[in-house]
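Visitor: Have a look at the structure that comes next, please.
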Amino acid sequence: MYDVLIIGAGVIGCAVARQIAQYEGKVAVLDKAGDVSEGASKANSGIVHAGYDATPGSEKARLNVKGAAMYPQLCRQLGLPYGQPGALVLAFDEADRAAIQALEAQSRVNEVAGCRVIERDEVLAMEPNVNPAVVCALHVPTSGLVSPYELTHALANAAAAGGVEFQLETEVTGIEQIEGGWALHTNRGVLYTRAFVNCAGVYGGVLHNMISTRPVRIIPRRGQYYLLDRDEHLPFGMTMFQVPTKMGKGVLISPTTHGNLLIGPTAEDIEDGGDVTTTADGLADVLSKAALTWPDISTRSVITNFSGIRAHEAGGDFIIGTVEGAGEGAFEAIGIESPGLTAAPAIGEELGTWVAYFLQLPKKRYMRDVPPMPKAFSHMSPGEREAAYLKDPEYGRIVCRCETVTEAEVRQAIRQPVGARTLDGVKRRTRAGMGRCQGGFCSPRVVQILCEELGMKPEEVTKFGGGSWLLAGTLDSMGTEDGSHGE
Amino acid sequence: MANEHTQVDILVVGAGPAGLAAAISAKEAGIERIVVLEREDFQGGILRQCIHNGFGLHRFKVELTGPEYAQRDIDRAAELGIDIRTGVTVLEVSDDRRVTAISQQGGLQVFEAGAVILAMGCRERSRGALAIPGTRCAGIFSAGTAQRYVNLEGYMPGRRVVILGSGDIGLIMARRMTLQGAKVLACVELMPYSSGLNRNIVQCLQDYDIPLLLSHTVTDIHGRERLTGVTVSQVDENRRPIPGTEQHFDCDTLLLSVGLIPENELSQGAGVELSAATSGAVVDNTLQTNVPGIFACGNVLHVHDLVDHVSNEASVAGRAAAAYVRGKAWQGRSLPVMDGAGVRGTVPQRIILPEVPVDFTIDLMFRPINVYRNHYLVVRADDKVLSCKKHMILTPGEMAVAPMNEKMLEQCRDAQAVTVEISEEKVS
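Read top to bottom, the protein sequences are chains A and B. Start counting the first sequence at 1; every next residue gets the next number (this note's numbering). Start counting the second sequence at 1; every next residue gets the next number (this note's numbering).
Dropping the structure here:
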């Protein structure tokens with residue numbers, strides 16, 4: 001019998017798990033995907049929002065501001081890059097100006113420090129590539145940046161180091177109340193637990209509706225993005241927002257923590273929460289909307305496009321706490337769309353503590369310090385590179401030339417507590433394959449290293465688990481039926 | 001060991017065909033301290049995986065496979081005792097020719113070089129750069145990556161294949177995958193003409209009855225985990241898909257052969273000026289960049305079709321770097337070379353005309369921007385026509401060459417610019 005099962009290994013599930021790891025107890029995180037961070041957490045804008053635009057009094061507003069304040073220290077602890085370049089919300093006409101002024105007023109209600117309306121000249125002095133038709137802007141000095149999947153991996157590793165199990169490729173198909181707890185039916189059998197936490201992202205509504213007397217509707221809202229190559233001279237230093245609409249914060253242009261430029265997202269309500277396709281119309285929409293912010297927009301240095309799915313709850317706010325109308329020990333954090341990434345540390349802390357308190361789990365007397373994620377070779381100074389090499393000569397072998405990722409880092413990514421098992425898993429943990437050649441050169445080498453570390457054959461390596469095989473088989477296997485992929 | 005500062009005369013980045021030929025010619029010109037750094041564990045660059053034949057016809061007058069062609073240079077370099085270090089990745093080249101590299105054996109190393117020759121080659125354009133919509137499933141490979149899996153690793157990327165783009169690597173892989181038992185359903189090309197060599201279209205597609213769909217492109221990608229199919233549409237003259245022309249192919253593999261991009265990140269770090277037309281360095285006829293003592297050659301300078309041309313170009317860079325190290329760099333007036341009608345990306349972009357009588361020739365190399373039949377290739381010095389030569393065909397798929405001999409160069413003495421253009425009419 002588990003004390004706690006957490007359903008969903010996204011940023012919320014992993015933040016909750018890291019919090020609960022401070023307590024004694026048998027805890028596991030379940031996810032239907034083959035890795036952590038495979039849902040909304042892997043594909044979003046990566047913005048740590050300041051909190052000026054959430055409706056005052058909402059859970060979104062409260063947890064946004066609380067979460068944002070936790071970020072600098074959290075990222076330091078976890079060893080993650082965190083940036084706080086600030087943001088501008090751009091107004092292009094007088095209606096926009098009114099909206100911007102309302103946001104400024106709202107920022108004060110939400111207790112977001114430092115937001116102020118600045119006029120055209122000041123906007124263009126700060127960001128010369130902004131459309132000169134800009135009228136004014138809200139300057140948000142505390143807007144930050146984080147890599148959402150790197151954060152999720154770091155939280156997962158910290159939780160696992162604290163004793164939390166991760167059971168991947170484990171899909172919850174039914175929830176049943178039993179004496180003293182719950183039975184979770186999965187594709188891998190039944191798991192028994194005293195309490196569970198539904199952090200299942202776009203699938204959170206389905207799980208909620210299995211047990212709650214008050215049904216919810218989680219609408220998968222797809223967002224398509226363009227990612228541009230790293231550049232020392234990006235056109236924008238801050239995150240550029242347009243005036244928010246009822247569908248969300250609109251199309252933004254933002255640097256990332258790794259110096260890429262991100263443009264997007266669209267906001268399309270779709271049926272299938274797993275449908276991360278990009279469409280010609282959606283991508284064209286991103287460019288045409290972004291052109292308002294950046295008239296000289298250029299796709300010359302585009303390295304990829306992708307879609308992410310937000311879990312939009314029809315009521316518009318986060319739903320966090322005990323599941324209404326279900327028995328004791330059923331918890332959830334659902335409808336976690338923007339600013340969900342920003343709020344994640346606060347949600348993890350509050351919900352994790354709540355669950356531990358409910359179960360009367362004693363706090364661990366002794367918590368082993370979880371070492372921070374090692375600094376990426378590409379971010380190291382020459383002295384740090386030298387030191388890393390002397391400790392592990394595999395820092396001397398560059399596997400990914402575009403992002404300067406070393407063999408030592410690829411092996412570490414596989415050996416982490418919640419380690420990479422797939423090509424995409426290595427990519428999100430190390431950035432190998434994330435650069436301008438998109439894995440053209442490094443993927444054969446990464447496949448080899450995965451095989452060496454995990455005792456797999458190349459034809460068993462997948463892009464992201466399941467049926468996403470990479471290689472059909474050896475040359476000799478063609479035309480035979482020896483278990484190779486394909487026909 | 002670590003942080004060792006090594007003084008060298010010439011440092012060559014890359015031991016592919018360009019780097020090897022450059023190092024060989026510099027050594028033959030009498031330069032002693034030459035170091036070649038190669039990030040892979042083997043010399044020869046991309047030729048190692050090009051196991052088909054057709055290499056060396058121009059340079060060696062014999063048809064070789066890629067590895068055989070490379071071996072000739074590898075052997076010659078060994079014979080000359082050139083210091084070639086594999087498994088070493090260059091991290092940075094500075095504008096004063098300090099080269100920082102790292103390797104598993106040697107750790108971080110810094111070289112101070114009299115001259116640097118950039119010979120890093122190119123990379124393949126990826127799906128992302130094309131913004132093809134659809135799912136992000138497994139089964140989409142650039143053609144060169146697939147070639148590596150098949151020819152070096154011994155693995156098949158898939159069994160039912162569509163190829164997007166008719167670049168040479170894609171065409172070669174159509175044949176290779178077919179010979180290995182896969183079914184290649186079609187080669188789909190956005191343009192109304194192929195960007196590959198004609199001999200490859202005949203020998204790799206037509207000989208195997210693989211259809212070449214010109215003015216078509218992939219407009220959707222299907223399959224949540226592994227690729228299950230692609231949608232192919234015809235495009236109009238503006239390369240936009242025509243609604244209603246969609247056809248579906250069931251396939252598990254999509255190979256992309258949609259262009260090569262010179263890999264100039266190190267060059268940019270050194271402050272080397274790049275050309276928007278070639279994505280390679282802007283160079284003079286000695287293949288020197290705007291940064292004194294830094295030279296570029298091969299596919300990092302501009303993408304070639306034939307390795308023979310790469311080697312010849314690299315020899316020019318090797319000799320020029322040797323002269324530079326000896327303090328005998330070319331001096332003279334710099335004359336710009338301009339792209340005229342129908343011409344894009346002429347290399348070199350500048351000609352240095354010495355004060356003394358000209359005793360050298362130059363090949364002006366470029367890509368026609370369209371297919372031209374029975375047109376004239378014209379070289380002018382300002383308004384003066386220096387040469388006008390009829391070509392049966394000029395196509396973007398094959399690099400065109402306009403040679404300039406001593407006499408033509410002498411005629412440029414007082415000119416403001418040299419222009420290369422393609423003309424329908426004979427001009428004089």
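C-beta atoms are modelled at their ideal positions from N, C-alpha and C, and glycine is treated no differently.
1. Assign Arg188/A to one of two classes, buried (16 or more other C-beta atoms within 10 Å of its C-beta) or exposed (fewer than that).
2. Just reading off the beta strand (DSSP E) that Thr239/A is part of, what are its end residues?
3. Report the three-state DSSP secondary structure of Val283/B (helix, strand or coil).
4. Any chance you could list the beta strand (DSSP E) runs of at least 3 consecutive residues sitting entirely within the stretch 245–279 of chain B, in chain order?
5. If you follow the alpha helix (DSSP H) that His153/A is in, where does it begin and where does it stop?
6. Let's test the definition: count the other Cβ atoms within 10 Å of the Cβ of Tyr208/B and tell me whether it reaches 16, buried, or not, exposed.
7. Assign Gly308/A to one of two classes, buried (16 or more other C-beta atoms within 10 Å of its C-beta) or exposed (fewer than that).
8. Going by the CB atoms, is the gap between Ala18/B and Gly298/B shorter than 8 Å?
9. Please report the distance separating the alpha-carbon of Ser126/B from that of Phe306/A.
10. Comparing the C-beta of Arg33/B with each C-beta of chain A, is any distance below 8 Å?
11. Do we get a CB-CB distance below 8 Å when we pair Ser37/A with the residues of chain B?
12. With DSSP as the reference, label Glu425/B as helix, strand or coil.
13. Can you say whether Tyr2/A is buried or exposed, counting buried as having 16 or more other CB atoms within 10 angstroms of its CB?
14. State the Cα-Cα distance for the pair Val300/B and Cys50/B, rounded to the nearest angstrom.
15. I need the straight-line Cα distance from Met408/B to Leu335/B, nearest angstrom please.
16. Name the two residues that bound the continuous beta strand (DSSP E) containing Cys388/B.
17. Between the stretch 84–103 of chain B and the stretch 38–54 of chain B, do three or more beta carbon pairs fall short of 8 Å?
18. Which residues mark the beginning and the end of the alpha helix (DSSP H) in which Arg160/B is found?
19. Find out if the Cβ-Cβ distance for the pair His153/A, Ile219/A is shorter than 8 Å.
20. In chain B, which residues lie with their C-beta within 9 Å of the C-beta of Glu268/A?
21. I'd like to check one pair, Ile117/B with Thr321/B: are the Cβ atoms closer than 8 Å?
22. Please return the same chain residues whose Cβ sits closer than 7 Å to the Cβ of Glu481/A, not counting the five positions on each side in sequence.
23. So which of Gln412/A, Val302/A, Ile347/A, Met380/A has the shortest CA-CA distance to Ala17/A?
24. Residues bridged to Trp182/A by DSSP?
25. Residues in the same chain with beta-carbon distance under 7 Å from Thr419/B, minus the five sequence neighbours each way, listed in chain order, please.
26. Using a threshold of 8 Å, state whether the C-beta atoms of Leu47/B and Ala70/B are closer than that.
27. Measuring straight from C-alpha to C-alpha, what distance separates Ala2/B and Pro292/B?
28. Can you find a CB in chain A that lies within less than 8 Å of the CB of Tyr208/B?
29. Using a Cβ-Cβ cutoff of less than 7 Å, which residues in the same chain neighbour Tyr203/A once the five nearest sequence positions on both sides are dropped?
30. Three-state secondary structure (DSSP) at Glu122/A?
31. In chain B, what lies closer than 7 Å to Asn305/A by C-beta?
32. Can you pull out the residues from the stretch 450–465 of chain A whose beta carbon lies closer than 9 Å to at least one beta carbon of chain B?
33. Cβ of Arg48/B within 7 Å of any heavy atom in the ligand ATP?
34. Rounded to a whole number of angstroms, what is the C-alpha to C-alpha distance between Tyr193/B and Asp424/A?
35. To the nearest angstrom, report how far apart Gly467/A and Glu38/A are at their CA atoms.
36. Is the beta carbon of Leu213/B closer than 8 Å to that of Glu189/B?
Guide: Per the coordinate set shown:
1. Taking the first sequence and counting its residues from 1, the one referred to as residue 188/A is at position 188. Exposed, since its Cβ has fewer than 16 Cβ neighbours within 10 Å.
2. As a first step, residue 239/A is located in the first sequence; it is residue number 239 there, counting from the start. Its beta strand (DSSP E) spans residues 239–242.
3. Residue 283/B sits at position 283 when you count from the first residue of the second sequence. Coil, per DSSP.
4. 247–250, 253–256, 260–262
5. Here residue 153/A corresponds to residue number 153 of the first sequence, with the count starting at 1. Start and end: 148–161.
6. Position 208 of the second sequence, counted from the first residue, corresponds to residue 208/B. Result: exposed.
7. Taking the first sequence and counting its residues from 1, one reaches residue 308/A at position 308. Buried, since its Cβ has 16 or more Cβ neighbours within 10 Å.
8. Against the second sequence, residue 298/B aligns to sequence position 298. Against the second sequence, residue 18/B aligns to sequence position 18. In contact: Gly298/B and Ala18/B (Cβ atoms closer than 8 Å).
9. What you label residue 126/B is simply residue 126 of the second sequence in a count that begins at 1. What you label residue 306/A is simply residue 306 of the first sequence in a count that begins at 1. In a straight line, the C-alpha of Ser126/B is about 14 Å away from that of Phe306/A.
10. Sequence index remark: in the second sequence, residue 33/B carries index 33 (1-based). Chain A contact via Cβ: absent.
11. Position 37 of the first sequence holds residue 37/A. Ser37/A does not count as touching chain B.
12. Residue mapping note: residue 425/B aligns to position 425 of the second sequence, counting from 1. Looking at Glu425/B - three-state DSSP - the assignment turns out to be coil, as it is neither helix nor strand.
13. Walking along the first sequence from the start, residue 2/A turns up at place 2. It counts as buried.
14. On the second sequence, position 300 is the one that residue 300/B refers to. On the second sequence, position 50 is the one that residue 50/B refers to. Rounded to whole angstroms, Val300/B to Cys50/B spans 18 Å at the Cα level.
15. The residue labelled residue 408/B in the question sits at position 408 within the second sequence. The residue labelled residue 335/B in the question sits at position 335 within the second sequence. Each residue's alpha carbon lies about 13 Å from the other.
16. Taking the first residue of the second sequence as position 1, residue 388/B is located at position 388. Residues 384–394.
17. yes
18. One-based indexing of the second sequence puts residue 160/B at position 160. It is not in any alpha helix (DSSP H) - Arg160/B instead sits in the beta strand (DSSP E) that spans 160–164.
19. The count along the first sequence starts at 1 and reaches residue 153/A at position 153. The count along the first sequence starts at 1 and reaches residue 219/A at position 219. Result no, Cβ atoms of His153/A and Ile219/A do not sit closer than 8 Å.
20. The residue labelled residue 268/A in the question sits at position 268 within the first sequence. In chain order: nothing, as chain B lies at least about 13 Å away.
21. Position 321 of the second sequence, counted from the first residue, corresponds to residue 321/B. Position 117 of the second sequence, counted from the first residue, corresponds to residue 117/B. The displayed chain sequence assigns Ala, not Thr, to residue 321/B. Cβ distance < 8 Å, so Ala321/B and Ile117/B count as in contact.
22. Start at 1 with the first residue of the first sequence, and residue 481/A comes out as number 481. With a pLDDT of 49 at Glu481/A, under the threshold of 50, the predicted position of this residue should be treated as unreliable, and no value is reported.
23. Walking along the first sequence from the start, residue 17/A turns up at place 17. Minimum Cα distance to Ala17/A is reached at Ile347/A.
24. What you label residue 182/A is simply residue 182 of the first sequence in a count that begins at 1. Answer is Gln177/A, Thr193/A, bridged to Trp182/A.
25. As a first step, residue 419/B must be located in the second sequence, where it is residue number 419. Once the five neighbours on either side are set aside, the close Cβ partners of Thr419/B are Met338, Gly340, Arg380.
26. As a first step, residue 47/B must be located in the second sequence, where it is residue number 47. As a first step, residue 70/B must be located in the second sequence, where it is residue number 70. Their beta carbons are under 8 Å apart, which means Leu47/B touches Ala70/B by this criterion.
27. By one-based count along the second sequence, residue 2/B stands at place 2. By one-based count along the second sequence, residue 292/B stands at place 292. Interpretation of Ala2/B is limited by its pLDDT of 45, a score under 50 that renders its predicted location unreliable; the figure taken from the coordinates is listed afterwards. Approximately 28 Å between the Cα atoms of the pair.
28. The residue labelled residue 208/B in the question sits at position 208 within the second sequence. It does not; no Cβ of chain A falls within 8 Å.
29. Numbered from 1 along the first sequence, position 203 holds the residue referred to as residue 203/A. Cβ neighbours of Tyr203/A beyond the five flanking positions: Gly273.
30. Translated into the one-based positions of the first sequence, residue 122/A becomes position 122. Helix, per DSSP.
31. The residue you call residue 305/A lines up with position 305 of the first sequence. Simply Gly128, Ala131.
32. Pro458, Glu459, Thr462, Lys463, Phe464, Gly465
33. Looking at this structure, you won't find the ligand ATP or any other ligand, since it has none at all.
34. Locating residue 193/B in the second sequence gives position 193, counting from the first residue. Locating residue 424/A in the first sequence gives position 424, counting from the first residue. Spanning the two alpha carbons is a distance of roughly 36 Å.
35. As a position in the first sequence, residue 467/A is number 467, starting the count at 1. As a position in the first sequence, residue 38/A is number 38, starting the count at 1. Gly467/A and Glu38/A: Cα-Cα distance of roughly 15 Å.
36. Working through the second sequence from its first residue, we reach residue 189/B at position 189. Working through the second sequence from its first residue, we reach residue 213/B at position 213. Going by C-beta atoms, Glu189/B is nearer than 8 Å to Leu213/B.
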